[in-house]
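J.: Dropping the structure in here first, questions after.
Chains as they are written, first to last, in my numbering: chain A, 911 to 1017; chain B, 9 to 126.
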């Protein structure tokens, strides 16, 4: 199985900050990586696919990069609605696997 | 607009079978995309349960030890999930999601809570 390791597991940030979340795969997954945002009590929302392509309707302050084993999700100018938990997921091979999540809290 | 909606019993007894449906609107499930089932135990992260292709081929997570069956009914535009011999560890919010052919999930259902308890 491909292990997905996210870091940090949590962080505190302020509105307007720029933050970066990292996701590392235990083996090469090319660009078969997605990012999701989840707010408490809600279903996840798809943000990014193919490591760097924004889903329709996702604000441009979100961006993704990386290929192979190392990936990042960057949020420029954090907004109040961005406080949530973020997950990465690989779709290179079965079983599909998620990172453990990164909880972004208000400082 | 593509929408997915999970439905099924919210309470299942230990050792019984959990059965859920995912009703799809806005696209045909025979179009070429996949359906993923994903769950989230209380306070924990996301776990992939399995996937079914438009062809009917299905894959499930080995961690569930062969207890999973995923199927589709094109006449109803609906996917189904069965998990046999459930225990308290199967208590979770269950989601279905559309994953585009050769790509990633783009649309999620709202999820349904299943509690395993006698």
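All residues carry an ideal CB built from backbone N, CA and C; glycine is no exception.
Could you name the residues of the same chain whose beta carbon sits closer than 6 Å to that of residue 982 of chain A, not counting the 5 residues immediately before and after it, in chain order?
T.: 930, 932, 975, 976
J.: Could you give the DSSP three-state label for residue 98 of chain B: helix, strand or coil?
T.: helix
J.: Grab me the residues of residue 15 of chain B's own chain with a C-beta within less than 6 Å of its C-beta, minus the 5 sequence neighbours each way, in chain order.
T.: 29
J.: Anyone know if the C-beta pair for residue 959 of chain A and residue 44 of chain B falls short of 8 Å?
T.: 8 Å or more divides the Cβ of residue 959 of chain A from the Cβ of residue 44 of chain B.
J.: Of the residues A/919, A/1016, A/999, which one's Cα is nearest the Cα of residue 911 of chain A?
T.: A/999
J.: Within 10 angstroms of the Cβ of residue 42 of chain B, are there 16 or more other Cβ atoms? Answer buried if so, exposed if not.
T.: buried
J.: For residue 73 of chain B and chain A, any beta-carbon pair shorter than 8 Å?
T.: Taking Cβ atoms only, chain A never reaches closer than 8 Å to residue 73 of chain B, which makes this a no.
J.: Give me the Cβ distance between residue 82 of chain B and residue 37 of chain B, rounded to the nearest whole Å; I'm assuming they're in contact under 8 Å.
T.: 6 Å
J.: Output yes or no for whether 8 Å exceeds the beta carbon distance between residue 1008 of chain A and residue 997 of chain A.
T.: yes
J.: Assuming residue 980 of chain A contacts residue 1014 of chain A under a Cβ cut-off of 8 Å, what Cβ separation, rounded to an integer in Å, is found between them?
T.: Residue 980 of chain A to residue 1014 of chain A, Cβ: 20 Å. No contact.
J.: Rounding to the nearest angstrom, what Cα-Cα distance links residue 1011 of chain A and residue 56 of chain B in this structure?
T.: 14 Å
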